[in-house]
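Just below is one structure, and these are the notes that go with it.
Residue numbers (the working numbering), protein chains in the order written: chain A, 0 to 399; chain B, 0 to 399.
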């Protein structure tokens, strides 16, 4: 199809889609000789293959025709109840009818875009924030308003009347944020939910990594704190990091009025999430399996993170700063202002090392071009050390 | 949450969503004492449970960590190749990179809404058309333009310059249409693709039931005919009716330029469709299993259809007309003009019989309130006969 002869029209949102230059560059990183810190993939060492195989087996054996038939849009009732119970253990008073099962929490972002965003609607995002959320919301043509962050996470005092005027929601990743690895501290969590309750500004709490805390103490989630403070909190969770991402299974927790709208949206979007997958995951988690599985995954990630922190201390110049995550998958690196990470990436790829430059994670604000995101979870120790040494040398060559 | 005190705003599209009165009525039909012709469920007798169980087993046994990891947005390469090959057997020259795997073809409708529809964009739909497509497109706030149909399907001559002005696409179900059960005949298929080529109007060919033909001769699809005529055709297919709907697996076939946009949209929508499901389905279908499985499913549906046609002939008044499908799951009934099928449904439910009234299947045109859709696939013969007898009596009471 020759675009120059095309007479029919795409939507404005589709015309605005551009193929990401970074994605093109990063395709190279799939080659095995490249040491890639670019991925956002969980470690396959943490996938409970045998347990999931047994769970799929049992469901197809005992309830095959139900698992293969159309199911309710809201999700498989026992799994909704399990999610509610799991959250009640953390102190949030949630009932099963406040839970909607989705096909990975990325889908929840799409559905929330549909629910909240008209073309031009202001939406508040952290600077920087999860790239996939920015892409998902972008399809609904919002006006991004950036919320500043520091090493304690999002700064609630920045939520001025002026900055929040007309905003449809604020999108926050409170634990081991993607891309920074930072955690919103308790005082700020409280200040955030109180301010949002005052503004009647819905909070979208995206928490894919919360169960992957390997140091420090767990903090109460925004859902529980927010409900206590009278704020509207929509919590997104996923089985991608605690079981496996290839299942595409996540959930939304929200007040019933919002769940009811989201169910209608979900029905128009893909009818429902695969029944078989929901039933097999319920089969796996309802045994309490995660209680023994998660400590192993946390230990694995902790070790991987330690390798990278050690290598950074050894090889990176003194002028460079980085975060020290207490969980999750990512470290955020800030270089001297004049070093551009996209230019650095080109040089790094020539030496078979890759990462994600920081600029695309910023929306509604001038990007910090001197930043990058490093993922440490799938790379073996010796390659972490070698890759970080290469990056350190390349940065050193660019210092003034 | 009390809506009267809500100060924050949903999007316009979400404010427009209303809970369907019919859906509320039809919830009653899930009770086992109700004879329901309302469902759109395939027969679980046609689900190959043992074969799918073996397929999931093999994939998790041999390729577990790949099946559970994030996968490419485009879909699992061998499955894309299988779809292309399957279509080449029907005469359409398709390559694997023109195939995108989706989470059920309902998701393809959502993605095509994103690709094509701006608020107010005209889109052409058959009158009547698939309710789920109308709901899906509605979220993007199009202006529906209805295309008249008769018992040979959509009428191509009705695609005047005036009716098609500015239209983003035409949405067509050529085989055993939902809701009418009617098939677009060959002459009209040719006329349709030629006219659309002339107008440069993309055709969305939704074909969930094409493999379920149990009488008459298969007709060439719009994809092959359209490509030969220079039309842009986007074909939607699904494994829901040939394997099982609870898997949520379908595909889109389109020119590369369109696939490329849809891949970006899919990534923002849900990253990708579950790897495990794609690999297991490939494992099941690549053996040629469908060649022996589908004839059994067709025989089952043929028999069910025959029961209902026989019962209709026996019990329905002479003033009533209905379609005689050559495949698929639905019969469309047209009663005398003055009989309102929503009123009839209330009376029928009092006698424990249910169906879907025809009005919601119409968009952009005055609905035909004297119509209804009957599904025959999941109801045992004796209950088909009893339910049709009840409906016949209730209609008879309303004749003038």
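We put the beta carbon where it would ideally sit given N, CA and C, even for glycine.
All figures in this text were calculated on a predicted structure; none of them were measured in a lab.
Using a Cβ cut-off of 9 Å, pull out every chain A residue sitting near residue i, in sequence order please.
i: residue 164(B); result: The premise fails here: residue 164(B) is roughly 12 Å from chain A at the closest Cβ pair, so nothing lies under 9 Å.
i: residue 201(B); result: 7
i: residue 322(B); result: In chain order: nothing, as chain A lies at least about 24 Å away.
i: residue 367(B); result: Ordered by position in chain A, no residue passes the 9 Å Cβ test against residue 367(B), which lies about 23 Å from the chain.
Give me the DSSP bridge partner(s) of residue i.
i: residue 160(A); result: The partner list for residue 160(A) (beta bridge, DSSP) is empty, contrary to what the question assumes.
i: residue 383(B); result: Residue 383(B) is not bridged to any residue.
i: residue 94(B); result: Beta-bridge pairing links residue 94(B) to no other residue.
i: residue 353(A); result: 35(A)
i: residue 250(A); result: 100(A) and 236(A)
i: residue 205(B); result: 235(B)
i: residue 144(B); result: 123(B)
i: residue 169(B); result: 123(B) and 202(B)
i: residue 326(A); result: 212(A)
i: residue 78(B); result: The partner list for residue 78(B) (beta bridge, DSSP) is empty, contrary to what the question assumes.
i: residue 57(B); result: Residue 57(B) pairs with nothing; no bridge assigned.
i: residue 371(B); result: 332(B) and 356(B)
i: residue 149(B); result: 152(B)
i: residue 320(B); result: 333(B)
Which whole-angstrom value describes the C-beta separation of residue i and residue j, a residue pair presumed to lie in contact below a C-beta threshold of 8 Å?
i: residue 213(A); j: residue 301(A); result: 4 Å
i: residue 248(B); j: residue 280(B); result: 6 Å
i: residue 240(A); j: residue 282(A); result: With 8 Å as the limit, residue 240(A) and residue 282(A) do not qualify as a contact, their Cβ atoms being about 19 Å apart.
i: residue 119(A); j: residue 142(A); result: 6 Å
i: residue 106(B); j: residue 109(A); result: In fact, because the Cβ distance is near 10 Å, the residues do not count as touching under 8 Å.
i: residue 171(A); j: residue 185(A); result: Contact doesn't hold; Cβ gap of about 14 Å is too wide.
i: residue 400(A); j: residue 310(A); result: A query on residue 400(A) cannot be resolved here, the shown segment of chain A reaching from 0 to 399 and no further.
i: residue 244(B); j: residue 47(B); result: Rounded, the Cβ-Cβ distance is 13 Å, inconsistent with contact.
i: residue 66(B); j: residue 59(B); result: 6 Å
i: residue 357(A); j: residue 371(A); result: 5 Å
i: residue 99(A); j: residue 260(A); result: Contact doesn't hold; Cβ gap of about 10 Å is too wide.
i: residue 222(A); j: residue 232(A); result: 5 Å
i: residue 75(B); j: residue 278(B); result: 6 Å
i: residue 362(A); j: residue 113(B); result: The Cβ separation is near 19 Å, so there is no contact.
i: residue 180(B); j: residue 34(B); result: Actually they do not touch by this definition, with Cβ atoms about 19 Å apart.
i: residue 337(A); j: residue 255(A); result: About 52 Å; that fails the 8 Å criterion.
i: residue 218(B); j: residue 188(B); result: 7 Å
Just to make sure I have the definition right: I need the residues of chain A whose C-beta is within less than 7 Å of the C-beta of residue i. Which are they?
i: residue 12(B); result: 113
i: residue 55(B); result: 55 and 59
i: residue 72(B); result: Chain A residues near residue 72(B): none, gap ~10 Å exceeds 7 Å.
i: residue 313(B); result: Under the 7 Å cutoff, chain A gives no residues; its nearest Cβ is about 30 Å from residue 313(B).
i: residue 286(B); result: By Cβ distance, chain A contributes nothing, its closest Cβ being about 18 Å from residue 286(B), past 7 Å.
i: residue 191(B); result: Those within 7 Å of residue 191(B) in chain A number zero; the least Cβ separation is about 16 Å.
Going along chain B, which residues have a C-beta under 9 Å from residue i?
i: residue 43(A); result: 63, 64, 65, 67 and 68
i: residue 40(A); result: 68 and 69
So residue i contacts chain A; which residues on that side make the cut at Cβ distance below 8 Å?
i: residue 143(B); result: Simply none; closest approach about 15 Å.
i: residue 46(B); result: 63, 64, 67 and 68
i: residue 26(B); result: Result: empty, since nearest Cβ-Cβ is about 11 Å, beyond 8 Å.
i: residue 221(B); result: Within 8 Å Cβ-Cβ: nothing; residue 221(B) doesn't reach chain A, min ~16 Å.
i: residue 381(B); result: Chain A residues near residue 381(B): none, gap ~21 Å exceeds 8 Å.
i: residue 289(B); result: Simply none; closest approach about 15 Å.
i: residue 396(B); result: Here the premise fails: no neighbours, minimum Cβ distance about 34 Å.
i: residue 16(B); result: 260, 263 and 264
Using a C-beta to C-beta distance shorter than 8 Å, which residues of chain B count as neighbours of residue i?
i: residue 160(A); result: Within 8 Å Cβ-Cβ: nothing; residue 160(A) doesn't reach chain B, min ~14 Å.
Cβ closer than 7 Å: which chain B residues qualify as neighbours of residue i?
i: residue 184(A); result: Neighbours of residue 184(A) on chain B: none; closest Cβ ~26 Å, over 7 Å.
Practice task
Note down, in chain order, all residues in the region 88–120 of chain B with a beta-carbon under 9 Å from any beta-carbon belonging to chain A.
Solution key: Flagged, chain order: 101, 102, 103, 105, 106, 108, 109, 112, 113, 114, 115, 116, 117, 118 and 120.
Handout entry: Where the region 163–182 of chain B meets chain A: residues whose CB sits under 9 Å from a CB there
Key = Against chain A - using a Cβ distance shorter than 9 Å - the residues of the region 163–182 of chain B are 165, 166, 167 and 168.
Practice task
For the region 233–247 of chain A, enumerate the residues whose C-beta is nearer than 9 Å to any C-beta of chain B, in chain order.
Solution key: For the region 233–247 of chain A, which is checked against every Cβ of chain B, the residues closer than 9 Å are 239, 242, 243, 244, 245, 246 and 247.
Practice task
Can you give me, in chain order, the residues of the region 271–284 of chain B that have a beta carbon less than 8 Å from any beta carbon in chain A?
Solution key: Those residues of the region 271–284 of chain B that come within reach of chain A (Cβ to Cβ, closer than 8 Å) are 271, 272, 273, 274, 275 and 276.
Practice task
Please go through the region 100–128 of chain A and give each complete beta strand (DSSP E) segment of 3 or more residues, from N-terminal end onward.
Solution key: Within the region 100–128 of chain A, the beta strand (DSSP E) runs of at least 3 residues that lie entirely inside it are, in chain order, 121–126.
Practice task
Could you run through the region 249–264 of chain A and flag, in chain order, every residue whose CB is less than 8 Å away from some CB of chain B?
Solution key: Taking 8 Å as the Cβ-Cβ cut-off against chain B, the residues of the region 249–264 of chain A that qualify are 254, 255, 256, 257, 259, 260, 263 and 264.
Practice task
Please list the residues of the region 124–136 of chain A that have a C-beta atom closer than 8 Å to any C-beta atom in chain B, keeping them in chain order.
Solution key: Within the region 124–136 of chain A, 131, 134 and 135 place their CB atoms closer than 8 Å to a CB of chain B, listed in sequence order.
Handout entry: Start-end ranges of the beta strand (DSSP E) lying completely within the region 266–294 of chain A, minimum 3 residues
Key = Listed in chain order, there is nothing to give.
Handout entry: chain B contacts made by the region 293–318 of chain A, where a contact means CB separation under 8 Å
Key = Legend: CB atoms of the region 293–318 of chain A lying less than 8 Å from CB atoms of chain B are not found in any residue.
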